[in-house]
Every structure is written in C-alpha cells, then in structure tokens.
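Data first, discussion second: the structure below is written as structure tokens.
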Amino acid sequence: MEIRYATNPASTKSYDTEGLRKEYLIDNLFVPGELKLTYSHVDRFIAGAAIPTKEPIKLEADKHTMGSDYFLERREIGIINIGPKGFITVDGTEYEINNKECLYVGLGNKEVVFRSADPANPARFYFNSTPAHKNYPTEKIDLDSAESQHLGSITNSNERTIYRFIHLNGTKSCQLVMGMTLLKPGNMWNTMPCHTHNRRSEIYLYFDMPEDGVVFHLMGEPNETRHLVMRNEQAVISPSWSIHSGVGTSNYTFIWAMAGENQEFHDMDAVPMKDLK
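Residue numbers (the working numbering): 285 to 561.
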C-alpha cells in the first residue's frame, strides 16, 4: 500500500511539476492480476483498483497501515466497474457488476472478492474507502437508479450529466459520497466555474479517454492555481482547500468521491471567475 501524507497550501506553492505529481497524482492503479491501494492521510481516504484475470482477487487489509484484521473492519467502500462485466462476492453473496455500475459495501463485511466474467477481457474495478462507524446494507446502484442531474451547455463546452450513487438521498453511508460525471461529446470542461469545500476532501479518477488524450486538472488555492496533466485511468487527490476542475483534449468521464465533515453534495464555496489566478 502506498501512503500519501497531508499537504498544505503554503508548501504546495513551492512544488515543481514533479513535486505536484508525487504528492497528488495516483498512477499505476490498474495492473492486471493485482490489487493496488493508496492510503491518503487526507480524511483517511483509500483509493484502489483490482483487475482480476485468471484468478479472483480478494480485498486484503494492509495490517501495518490500517491496523485491522480485515479491510472493512472499520471502513466502508464504494466500488465502480469501469471495464467489462465482473462479479463481487461479499461474505458469500455474489453481485454482477457491469460497466459503470456501483456496489456499496458497509462496515463489518469480512470478505470481498473480485472476479471477471471473462478473464481474457477482465473487469476493471475502481474503489474508494473511508472510515465508518456503523453498518449500512450492501447495495448495487446502476445509472438508471442513480440520482442524475444534467448541467452545462455546448456553448461553454461543459455539457455533462452527474450521477450520484452513494449520497444522502440515495444509497446510505457513514461519510463516503461517490458518483460519476459523463461529459457529452464535444465538451471538455468540468466543474467550472469552480469551487472549494473546506469541510470535505475529494478524489477524482479520469477515464474513458483516448490513448493520446489528456486532462489538465486544475488545483491549488483560487489565487494560486496549479495544474496536473492527467492521462487515462489516473486519479488525483484534492484536499479541502483546493479547487478541483479540469479541461480535456476531448470529452471524458470521471468518478468523484468525497469524505469529511458532512455529506451535503451542495455544501461548497463558489469561486467567482474574476478571483482565479
């Protein structure tokens, strides 16, 4: 398990490109046949991925880092499949998870196992996990059952649909809020005008990008912005004090997950365009 420590705005101002990428970029998540985990001290997030090929992959706890006997002993998790059909078994119950479908698994479940329907064309499971204090039921969510909201316009190159999977008015959790945003073809901007939410941090995963495509992920304080060049299936840690927006060379999809003091999706501090620097 890779560990990332918390940073602050003052130190981030001095980072060069390599420094920014070392602190905030999560790369090499999707490795065939392996479970990959990154532990962030920002709200105790864990971001990870599993690509089961010939053999299923069990979600294992890193006892040294987590101090627990099994992964969900003190945690909850949201899992989204961004690849072909797969299956997730939770304490003996198997769930079929197709592309862009989500499974929430709550505190106390001891065994979570990932399996692909076709090992030669494996599922690509991405997940976010946060600390939890009580058990909520395991629940599958697809695009049809998710709460959706259409935003933006082609005029501003930001026409998109937000799907909320795990949230206050949908699948219940202790603190994890998770969903997905799909940009329409011909649209490149997300979350602009931008905002911060000082009470919550966030992790983005960008995917459905062409091999030669990039997203310029904007971060930093509104008056001290920085950027990271993101490629397909890379994630980025967004601390609570940072904006989190992006523009791509073509349309793309991203998974967002939040954790912190509350679960109010609309609890955010808007940044006027004139204040960006």
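Think of the CB as a built atom: it goes at the ideal place given N, C-alpha and C, for glycine as much as any other residue.
Buried versus exposed, by CB contacts within 10 Å (16 or more), residue i
| i | result |
| --- | --- |
| residue 289 | exposed |
| residue 292 | exposed |
| residue 547 | buried |
| residue 294 | exposed |
| residue 529 | buried |
| residue 437 | exposed |
| residue 480 | buried |
| residue 539 | buried |
| residue 532 | buried |
| residue 474 | buried |
| residue 453 | exposed |
| residue 521 | buried |
| residue 296 | buried |
| residue 324 | buried |
Cα-Cα separation, residue i to residue j
| i | j | result |
| --- | --- | --- |
| residue 383 | residue 402 | 13 Å |
| residue 315 | residue 332 | 11 Å |
| residue 268 | residue 368 | Residue 268 is absent from the structure shown; the chain starts at 285 and stops at 561. |
| residue 554 | residue 492 | 28 Å |
| residue 560 | residue 506 | 5 Å |
| residue 405 | residue 337 | 8 Å |
| residue 523 | residue 300 | 18 Å |
| residue 318 | residue 306 | 22 Å |
| residue 322 | residue 551 | 26 Å |
| residue 440 | residue 472 | 9 Å |
| residue 483 | residue 326 | 11 Å |
| residue 410 | residue 330 | 11 Å |
| residue 518 | residue 486 | 14 Å |
| residue 388 | residue 352 | 20 Å |
| residue 335 | residue 413 | 17 Å |
| residue 541 | residue 447 | 12 Å |
| residue 512 | residue 465 | 19 Å |
| residue 302 | residue 373 | 39 Å |
| residue 342 | residue 366 | 18 Å |
| residue 347 | residue 354 | 8 Å |
| residue 449 | residue 361 | 12 Å |
| residue 426 | residue 380 | 11 Å |
| residue 457 | residue 345 | 20 Å |
| residue 407 | residue 339 | 12 Å |
| residue 287 | residue 378 | 31 Å |
| residue 398 | residue 320 | 13 Å |
| residue 470 | residue 496 | 16 Å |
Short CB-CB distance (under 8 Å) between residue i and chain C
| i | result |
| --- | --- |
| residue 359 | No chain C appears in the structure shown, which is made up of a single protein chain. |
Residue from the options with nearest C-alpha to residue i
| i | options | result |
| --- | --- | --- |
| residue 525 | 358, 446, 319, 504 | 504 |
| residue 375 | 408, 335, 422 | 422 |
| residue 462 | 555, 432, 439 | 432 |
| residue 396 | 428, 550, 406, 363 | 363 |
| residue 545 | 317, 381, 415 | 415 |
| residue 488 | 310, 335, 449 | 310 |
| residue 537 | 468, 481, 477, 520 | 468 |
| residue 476 | 521, 342, 371, 435 | 435 |
| residue 451 | 429, 330, 344, 495 | 429 |
| residue 557 | 535, 339, 527 | 527 |
| residue 313 | 540, 516, 533, 549 | 516 |
| residue 549 | 494, 459, 394 | 459 |
| residue 391 | 398, 380, 419 | 419 |
| residue 443 | 339, 453, 354, 535 | 535 |
| residue 455 | 287, 386, 543 | 386 |
| residue 417 | 499, 357, 350, 377 | 357 |
| residue 499 | 286, 514, 509, 378 | 514 |
| residue 509 | 359, 394, 349, 478 | 478 |
| residue 400 | 308, 371, 393 | 371 |
| residue 349 | 494, 285, 394 | 285 |
Residue i - containing beta strand (DSSP E), residue span
| i | result |
| --- | --- |
| residue 532 | 529–532 |
| residue 293 | It is not in any beta strand (DSSP E) - residue 293 instead sits in the alpha helix (DSSP H) that spans 293–296. |
| residue 545 | It is not in any beta strand (DSSP E) - residue 545 carries neither H nor E in the DSSP assignment. |
| residue 286 | 286–288 |
Range of the contiguous alpha helix (DSSP H) that encloses residue i
| i | result |
| --- | --- |
| residue 483 | Here residue 483 belongs to no alpha helix (DSSP H), and DSSP marks it neither H nor E. |
| residue 306 | 301–308 |
For this session: Taking only runs that begin and end inside the region 324–398, name each unbroken beta strand (DSSP E) of 3 or more residues, in chain order.
Result: 330–334, 359–365, 370–374, 377–381, 386–389
### Task
Any chance you could list the beta strand (DSSP E) runs of at least 3 consecutive residues sitting entirely within the region 450–527, in chain order?
461–467, 484–491, 499–505, 508–514, 518–522
Quiz item: Which full runs of the beta strand (DSSP E) of 3+ residues lie inside the region 404–456, going along the chain?
Solution: 409–415, 423–425, 431–435, 444–450
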